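Here the structure is laid out as C-alpha cells; the discussion comes afterwards.
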Amino acid sequence: MYLDKTSIRRSFAAASTTYDRVAGLQRTVGKELLHSIDAAKLTGTLLDLGCGTGFLTGELLAHSNHETTIALDIALSMLQTTQAKLADKRTISYVCADAERLPIAAQSIDSVFSNLALQWCNNLEAVFTGIKRTLKPEGQLVFSTFGPQTLLELKNAWATVDNYNHVNAFYSETRIKQFLQQAGFENSRINSKLYTPRYDSVWTLMRELKRLGAHHVIAGRNKKITTKTAMQRMISAYEEHRVRGGIPATFEVIMVIAKV
C-alpha cells in the first residue's frame with residue numbers, strides 16, 4: 594500500500610477548519626478508546642499520535658492523572674487548532690512530525706494513544722517499531738484504525754463503473770497483529786466493531802470525507818478527472834443500498850491495546 598504523504602498533509606491542513614463539524618464518528622471512537630482502559634491510572638508522559646484538532650488530547654487531559662502530554666500531527670494547521678483549543682493547558686508539548694519518523698527520545702513515553710490516524714501510514718511495522726522505541730518498559734500503545742470493510746458500499750458502487758481504486762485499502766486485524774509482533778509487541782488485545790451511519794445522499798457522504806481530509810487513495814487510482822457520467826453511474830449503484838433513513842456507509846474500526 595502506498596499513500597502520498599504530501600497529499601495527506603495538504604488535505605488534513607485544508608480540513609483543519611471543517612474537521613470538527615463532521616467528526617462525530619471520530620469523537621465516538623475516541624471516547625470508546627479511552628473507555629477500553631482505566632484512564633484514571635495513566636501516569637507519566639502520554640503521546641497523542643495524530644492528534645488532529647485535539648479531541649482525544651483534551652479527553653486525555655480530562656480523564657487521566659498523567660503529568661505531561663505530547664500532541665503530534667503531520668499537519669501544522671491541525672496542531673495549531675489543537676493548541677488554540679487547549680491554550681490554557683500548560684502541560685502540553687506540540688510536535689509537527691510524521692508518525693513514521695518519530696522525533697521522540699527512546700524510552701521517554703509511558704503511553705501512546707492514536708485515534709483513527711494510523712491508517713494514513715504507509716509502513717505500519719515501521720510505525721510500531723518507532724513507537725516501541727519511544728516507550729518505557731511496561732509502556733503501552735492504545736489505538737484505533739480503520740479496517741478493510743470501511744466504505745465497502747462506496748467501493749462496490751465504484752466497482753460497477755471501472756477497475757480503478759477510488760477507496761483506500763485498510764489492513765485487517767491479522768495483518769495489524771503481525772506488524773505488532775514484528776515490531777516487538779508480544780502482548781496485544783485486538784477487536785473490531787462496525788459503525789454504519791446514514792447519509793442523506795452519496796454527495797453528503799463524499800463532502801464529509803473531504804471535510805475530514807479523508808479522501809486519499811492508494812496507487813492504482815484514475816489520475817484523470819472523473820466524468821459526470823461515471824459519477825452518476827456510481828451514485829446510481831450506491832443508491833441501491835438506500836434504506837429507511839438514508840444511504841448507509843460502513844466503517845470498520847479496529848481497536849488495539851498493545852504492551853511492551
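Following this note's numbering, the numbering of the sequence shown begins with 594 at its first residue and continues without gaps.
Even glycine gets a Cβ: it sits at the ideal position worked out from N, Cα and C.
What you are looking at is a predicted structure, and each value in this text was computed from that prediction instead of being measured.
When the Cα atoms are used, glutamate 660 and lysine 634 turn out to be separated by approximately 12 Å. Of the residues assessed, aspartate 793 falls on the exposed side of the cut-off, its CB having fewer than 16 other CB atoms within 10 angstroms.
Asparagine 708 and glycine 839 have their C-alpha atoms some 27 Å from each other. When DSSP states are grouped into helix, strand and coil, glutamine 742 belongs to the coil group. If you draw a straight line from the Cα of threonine 843 to the Cα of phenylalanine 739, it comes to about 10 Å. With a cutoff of 8 Å on beta-carbon distance, leucine 626 and threonine 662 are scored as not near each other. Proximity to glycine 777 across Arg726, Ala710, Asn761 peaks at Arg726, based on C-alpha coordinates.
Between the C-alpha atoms of alanine 710 and leucine 642 there is a straight-line separation of about 8 Å. In the structure shown, threonine 662 falls within a strand segment according to DSSP collapsed to helix, strand and coil.
Between threonine 650 and threonine 674, the alpha-carbon positions lie close to 12 Å from each other. For lysine 678 against glycine 647, the beta-carbon gap comes to about 5 Å, under 8 Å, which counts as contact. Per DSSP, reduced to three states, the secondary structure at glutamine 733 is strand.
Excluding its 5 nearest sequence neighbours in each direction, valine 705 has C-beta neighbours in its own chain below 6 Å: Leu640, Leu642, Ile724, Leu734, listed in chain order. The segment 746-757 and the segment 684-700 do not touch, with fewer than 3 CB-CB distances between them shorter than 8 Å. At a Cβ-Cβ threshold of 8 Å, isoleucine 850 and serine 629 count as neighbours. Its Cα nearest to that of threonine 684, the residue Thr636 stands out among Ser670, Met671, Thr636. Secondary structure in the segment 666-693: the alpha helix (DSSP H) runs of 4 residues or longer, each lying completely within the stretch, are 669-678 in chain order. Between the beta-carbon of alanine 616 and that of leucine 805 there is about 6 Å, and that keeps the pair under the 8 Å contact cut.
In this structure valine 846 touches lysine 786 by the C-beta definition: roughly 5 Å separates them, less than 8 Å. For the pair aspartate 681 and leucine 672, the CB atoms are not nearer than the 8 Å cut-off.
Closest by C-alpha distance to valine 853, out of Leu618, Arg694, Ser686, Phe721, is Phe721. Minimum Cα-Cα distance from tyrosine 788 among the listed residues Lys729, Thr822, Met848 corresponds to Met848.
Rounded to the nearest angstrom, the Cβ distance from glutamate 801 to isoleucine 783 is 27 Å, too far for a contact under 8 Å. Taking lysine 770 as the centre and dropping the five residues before and after it, the same chain places the C-beta of Ser781, Ile783 closer than 7 Å to its C-beta, in chain order. Closest in C-alpha terms to asparagine 716, from the list Trp751, Gly645, Phe772, comes Phe772. Of all alpha-carbon atoms in Pro696, His656, Leu654, Gln825, the one lying nearest the alpha-carbon of valine 754 is that of Gln825. As a beta-bridge residue in DSSP terms, valine 849 pairs with Phe736, Ile783.
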